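A.B. asks: Residue numbers (the numbering used here): 5 to 117.
Quick one: the structure is below, questions incoming.
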């Protein structure tokens, strides 16, 4: 027997509050779009533990430096990561605690056993 949908009054009102917040919805959509590649998710998982040099990211994910650099540029353009130079090395890091929360939640939902 199918269950009846809950009346709106008993549903979580936070959902309906979010619908009226266009700027927050746009920001969330852009963040999800920026993360929408497996390699970018891997990079964000790595960076959620702290900053890393590009070469260390390349070795950890097992692809070319050019490929990693392209994905880092996308993440940086969407303000998901930031960078700093130290000599000839460039270090990337997550500078927004919300991104760390998204990565942690993604790990919890998709990587837990």
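All C-beta atoms in this analysis are idealised placements derived from N, C-alpha and C, irrespective of residue type, glycine included.
Quantities reported herein were computed from a predicted structural model and do not represent experimental measurements.
Tell me, please, whether the segment 56-72 touches the segment 98-106 by the rule of three or more beta-carbon pairs shorter than 8 Å.
C.D. replies: Result no; under three Cβ-Cβ pairs closer than 8 Å.
A.B. asks: In this structure, how does DSSP classify residue 73 when only helix, strand and coil are distinguished?
C.D. replies: In this structure, residue 73 counts as helix in the three-state DSSP scheme.
A.B. asks: Should residue 86 and residue 92 be called a contact, given that it needs their Cβ atoms to be closer than 8 Å?
C.D. replies: It is not a contact, given that the beta carbons lie outside the stated cut-off.
A.B. asks: DSSP has residue 94 in a bridge; who is on the other side?
C.D. replies: BP columns for residue 94 point to 89.
A.B. asks: Counting only runs of 4+ residues fully inside the segment 37-72, write out the alpha helix (DSSP H) ranges in chain order.
C.D. replies: With a minimum length of 4 residues, the continuous alpha helix (DSSP H) runs that stay inside the segment 37-72 are 42-51, 58-65.
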